[in-house]
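S.K.:
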Amino acid sequence: MTKIIAETPEFFDVYSGDDSLTLPAVSVGAKGVVSVASHIVGLDMQQMLKSYASGQTANAALIHQKLLPIMKQLFSAPNPTPVKTALQLKGLDVGSVRLPLLPLSEEERLDLSSVF
Numbered sequence: 273m274t275k276i277i278a279e280t281p282e283f284f285d286v287y288s289g290d291d292s293l294t295l296p297a298v299s300v301g302a303k304g305v306v307s308v309a310s311h312i313v314g315l316d317m318q319q320m321l322k323s324y325a326s327g328q329t330a331n332a333a334l335i336h337q338k339l340l341p342i343m344k345q346l347f348s349a350p351n352p353t354p355v356k357t358a359l360q361l362k363g364l365d366v367g368s369v370r371l372p373l374l375p376l377s378e379e380e381r382l383d384l385s386s387v388f
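With the first letter of the sequence shown counted as 1, position 15 gets the number 287 in the working numbering; the numbers rise by one all the way through.
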C-alpha cells in the first residue's frame, strides 16, 4: 500500500479494504477504510481516525489495539455471517444468513461474543 500511495497522483485517494490495517494504512497516507467492523464499532472506528487526524496518535493506537480482536473475529467465517451474528449479539434483529451460508457454530459464536 505504501508503494501504491507513493506512486499515485495527489488526487488519487487510496482506502484500506482491511479493517485491521486501517490505522497502519492511514499512517502511510491512505484516506480511510471500506469497513466491515464499522457496522459493529463505527463510533470507535470514527474516534480512532479522528484521533489520528488530530495528532493524537497514541490514543489512535490504543483504540486500534482495543478493536483488533473484534476486527479479527469479524473475519473468522465467510461474511456476512460474523457481522450478522455480532449485530444479533448487540440486540439488533438482522435476520439469519441465507444459503449457501450457514450460521456460526456454537463455538464460533462464543469466540465472537468473547471480544465484546
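Backbone N, C-alpha and C define an ideal beta-carbon position, used for all residues, glycine too.
Quick one: what does DSSP say S288 is sitting in, helix, strand or coil?
M.R.: Reduced to three states, the DSSP call for S288 is strand.
S.K.: Only counting runs of 4 or more residues, tell me where the alpha helix (DSSP H) segments fall wholly within the region 307-335, in order along the chain.
M.R.: Within the region 307-335, the complete alpha helix (DSSP H) runs of at least 4 residues are 310-325.
S.K.: As a quick exercise: from E279, L373 and K338, pick the residue whose alpha carbon is nearest that of N351.
M.R.: Answer by Cα proximity: L373.
S.K.: Do the CB positions of D316 and L339 come within less than 8 Å of each other?
M.R.: Yes; because the gap between Cβ atoms is below 8 Å, this pair is in contact.
S.K.: Suppose contacts are defined by Cβ-Cβ distances below 8 Å. Is G301 in contact with I335 by that definition?
M.R.: Result no, Cβ atoms of G301 and I335 do not sit closer than 8 Å.
S.K.: Whole-angstrom Cβ separation of L376 and V366, contact assumed at under 8 Å?
M.R.: That pair is no contact at about 13 Å.
S.K.: Name the two residues that bound the continuous alpha helix (DSSP H) containing R381.
M.R.: Start and end: E378 to S385.
S.K.: Does DSSP put V369 in a helix, a strand or coil?
M.R.: DSSP places V369 in coil when its eight states are reduced to three.
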